[in-house]
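In numbering that gives the first Met the number 0, the protein residues as written are 0 to 836. Below is one structure, written out as structure tokens, with a few remarks after it.
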Amino acid sequence: MEFEYRHQDWSNVRVLGRNRLWVRPFYCGYQSVKAARTSKKEESGNYTLLNGEWRFAYFTSPFLVPEECTAEEYDDRSWDRMPVPGHWQLHGYDSPHYNDAFALFPITDDPVIQNDNPTGVYRRGIELQKEEDREYILRFDGVESAYHVWVNGHFTGYSQGPRNTAEFDVTAFLKSGRNVIAVEVYKYSDGSYLENQDMWWFSGIIRDVSLITRPRAHVLDFKIDALLEEDMHTGSYHMDLILENNGYEEESGDGFRIAVTLWDGERQVFAHMRDVKGEQGRKELSFDETVEGVRPWSAETPYLYETVIELRKGERLIEAYSCRNGFRTICLRDGLFYINGCPLKLKGVNRHDWNEYEGRCITEEDMQRDLYLMKQNNINAVRTAHYPPSPAFLDMCDMLGFYVMEEADLECNQMAFTKKMNRISDDILWEEAYIDRSERMVRRDKNHPSVLFWSLGNESGFGTAFVAAGKFVKKYDPTRLIHYEEDRDASVADVYSTMYTRHHQLEMLGKDTSKAKPHIVCEYAHAMGNGPGGLKEYWEIFEKYPRLQGGFIWEWIDHGLRKTDENGKGYYTYGGDYNDYPNSGAFCCDGLVQADRCPTPAVLQVKKALEPVRFSGFNKEKGTITAENKYDFLTLDHMKAVLKIETEEEVLWKREVDLSGIGPHTKKVIVLWEPEEAKRTEDYAQERYPKGNARYCDGWLSISVVYREKPVWTDREEYEAAFHQELLWEAEKRTGEEKRREAEGTLTVSDKDGILHVEGQDFKVSFDRIHGNLCGYEYQGEILLKGGLGMNFYRAPVDNDINARKIWEDGMLVDKIISRLPEGIAYTKLSHGEGRA
């Protein structure tokens, strides 16, 4: 039977997992309340991280894997070593392959995967002293694409869904002393039909592997709904909890006691006790409390409380658990979504996991760097395109303050090439797989206040499978909104959504008041090459129409893989650099930050478009300007404005202006200076840079809005959040007489052989009188142009021209223009598609 599992599960759409445990949030138990509140799981005594080097063997097909290599006593000393987490394609086996939408496996009505399916087998040993009264849980946070697990040669389980967590009970298979874990990982599985996101195809154990221990009586799961009542200051706290007893001290006959305490720092907000009978099995409990005067959680004010759960046997503590939670509420009303009573705008980006050396195997430092950079550039929302992130990422979003649209690990964009985009999504055969991917995401991450939207997937058409997944999500968690862009009628989704909507189209959507739900743009402003463009115009439209509630820029980071040439110089590789065919070229390098997280100039444009303070209505004579607070919940008390009157040469005047008291979504006229101050400054400038002096410069009022206290996400003091300038005076312009004197000199003109030559001081210019073009230019003895410019109907395409290029060449240039070229003018199509007439 085991052999059948190994060679059927990865190509059987009806098998999603074997022996997987109940999906729960990421937590482990602690030996004291004090320890639980530290949230340092590595110090709990119940958590062992199994990352590091594992033994590794690579096979081109699962059918070539020796059956005995997963046995406990198998000799793996000749095997290579592979880092965990890690992609084997980046450590000497197989090759990276980048494509967008192309399938690397057969597409059939009854899903199958080819036998030539690269497979890696991992092995490692672990020493432990087994305690017979405890359970042992083997946890995988991400394995691409599917895998079987053995412990000491015993078949343990199977899972697929590469960016989803799976846990297995390995208690019966472990022993005191040395134990061996073996994992057989398959590059492709039937699940790959749902994993065709725009990214590199990689394989391996890509996230943490850990061993969690727990007593036989434990809290199996808990779900916290910490919402706000209509006054937005009263908290409504509800917890559902499942207690599981698998034979803990049955002979005593005593029951258990559950204590639930909510902490606000070191202040105890409330505490509840509940006695539970000690019989075996599962017991469901619930706790409710109304909390007066809570501090709401938002991206601007990410205030967190802490729930501590104690499981006791009489007075003796069995285990303690902790979870940070924030009070916030999201609802649909009057065609808008409201967060804590405010119909805000999502100023978001789409983010993939990425490290320039390790691909999707990223560290907590990488995650933190991403979020710090987003905060520095006024971004308030993240769409986890296109899969659930590491649990640690959501912890950071809770603490730093981000609105998260978490997306299920589901995309079957390859179906576009079959002309049946809805084929899989409208097939009952796939419904269980769709529900599974949404359910595992929601059950794992339900306690994170930062998660406001559950996204059912991306670019997969629409049909009954999405309807079934949406029904489960809405029933299990009605406190959040559902998103799915290709649910065009928003029949399941709570918001309408589009991608890459042009300005005029977005304006039309904003004007459409017939829709009962709001609209977001889940991908826009493609940040490739010299993009994104049009951000100012996008945000003028977003702010003009209430039902347009923001969107997410595609995308945050380049997916370039860094290599080093023979001279030690670093460079980035992309699709096609690994003999990967078909591929999508450099289309993976389309981020606001480069693969090493170095910001591009585009990030400054994003920061400007999303800045939280705007200025308008400058009155130079009165020395006033109107400041507008774009925050949703904060006053500007935490900000100050630093004013400067300056030229390009020096700062002439500087002062600070208090912005306190300007409430969210309000404006206030602020006094910058008294009129005589500005006059004195301008008089000084006139004296400093007198007329006729080449150093005489424009004079500017510069306003820099900075934080009064340094935020945790920057090392800079007085970090700038917004910037504004007004021109106070212009540089003295040269008179016509001055310009004439500067241009004095003799021009000579000659005409020879149809060429008109014009020569003056330091320059020579030639014009072809027959063809009517500039054919020569020389300046200060240097030839800058030699030969005329002929007819040219084409320019070299940039990366973002990927779609327009074919239309231009095939539909316009080749078919229409070339046929009309005058006799004697030829068109040459070059190797990279550039055309020249």
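From the three backbone atoms N, C-alpha and C, an ideal C-beta is built for every residue, glycine too. Remember, it's a predicted structure, so these values are computed and weren't measured experimentally.
| Item | Value |
| --- | --- |
| In whole angstroms, what is the alpha-carbon distance linking GLU484 and MET638? | 37 Å |
| Which of the three DSSP states, helix, strand or coil, is assigned to ASP224? | strand |
| Look at ARG443 and ARG23 and say whether their C-beta atoms are less than 9 Å apart. | yes |
| Tell me the DSSP secondary structure of TYR304 in three-state form. | strand |
| For my contact list, ALA100 and ALA415 are in at a C-beta cut-off of 8 Å; report their separation, rounded to the angstrom. | 6 Å |
| Alpha carbon to alpha carbon, how far is TYR371 from HIS86? Give it in angstroms, no decimals. | 26 Å |
| Check whether the Cβ atoms of ARG382 and ASN354 lie closer than 9 Å to each other. | no |
| Could you tell me the alpha carbon to alpha carbon distance between ILE427 and ASN421, rounded to whole angstroms? | 12 Å |
| Kindly indicate which residue of TRP652, LYS129, ILE204 has the alpha-carbon position closest to the one of GLY176. | LYS129 |
| The alpha helix (DSSP H) spanning ILE540 covers which residue range? | 534-543 |
| Out of LYS606, GLY662, GLY780, VAL641, state which residue places its alpha-carbon closest to the alpha-carbon of TYR706. | VAL641 |
| Going straight from the alpha carbon of TRP712 to that of TYR302, what length do you get? | 16 Å |
| Can you list, in chain order, the stretches of the alpha helix (DSSP H) that have 4 or more residues and sit fully within the segment 331-376? | 363-375 |
| Between the C-alpha atoms of GLY834 and THR463, what's the straight-line distance to the nearest angstrom? | Here the model assigns GLY834 a pLDDT of 35, short of 50, so the residue's position is not dependable and the matter cannot be decided. |
| DSSP three-state label for THR500, please. | coil |
| What number of angstroms, rounded off, separates the C-alpha of THR747 from the C-alpha of LEU784? | 19 Å |
| Where does ILE427 sit, in a helix, a strand or coil, going by DSSP? | helix |
| Please say whether ILE754 and HIS723 have beta carbons closer to each other than 9 Å? | no |
| Could you say which of GLY334, THR260, ARG206 lies nearest to HIS518 if we only look at CA atoms? | GLY334 |
| Pick from ARG5, ASN178, GLY160, TYR580: whose alpha carbon is nearest that of GLY152? | ASN178 |
| Taking 9 Å as the cut-off, decide whether the C-beta atoms of ASP853 and ALA102 are in contact. | Nothing can be reported for residue 853, as the shown portion of the chain is limited to 0 through 836. |
| Is DSSP giving TYR776 helix, strand or coil here? | strand |
| Taking contact to mean at least 3 C-beta pairs separated by less than 8 Å, is the segment 261-274 in contact with the segment 304-316? | yes |
| Quick check: the Cα distance between LYS510 and GLU542, rounded to an integer number of angstroms? | 12 Å |
| Am I right that TYR571 and GLY559 are in contact with their C-beta atoms under 8 Å? What's the rounded C-beta distance? | 3 Å |
| Looking at C-alpha atoms only, which residue of GLU430, TYR573, LYS474 is the closest neighbour of ASP798? | TYR573 |
| According to DSSP, what are the bridge partners of ARG133? | PRO214 |
| Figure out for me which residue from ALA468, PRO161, THR289, LYS568 has the closest Cα to the Cα of ASN195. | PRO161 |
| Could you say which of LEU508, ASP564, GLY759, GLY533 lies nearest to GLU552 if we only look at CA atoms? | The question names Glu, yet the displayed sequence has Ile at residue 552. Nearest of LEU508, ASP564, GLY759, GLY533 to ILE552, Cα basis: GLY533. |
| CA-CA distance, LEU219 and LEU284? | 12 Å |
| Quick check on PRO674: buried or exposed, where buried means 16 or more other Cβ atoms within 10 Å of its Cβ? | exposed |
| Give the DSSP-derived three-state secondary structure of PHE139 in the structure shown. | strand |
| May I ask you to report which of helix, strand or coil DSSP gives GLN760? | coil |
| Exposed or buried, what is VAL650 when buried is set at 16 or more other beta-carbons lying within 10 Å of its beta-carbon? | exposed |
| Considering only the alpha carbon of each residue, which of ILE801, ASP8, GLU719 lies closest to LYS374? | GLU719 |
| Quick one: what's got a C-beta closer than 8 Å to ASN446's C-beta in the same chain, skipping five residues either side? | PRO24, PHE221, LYS222, ILE223, CYS322, ASN324 |
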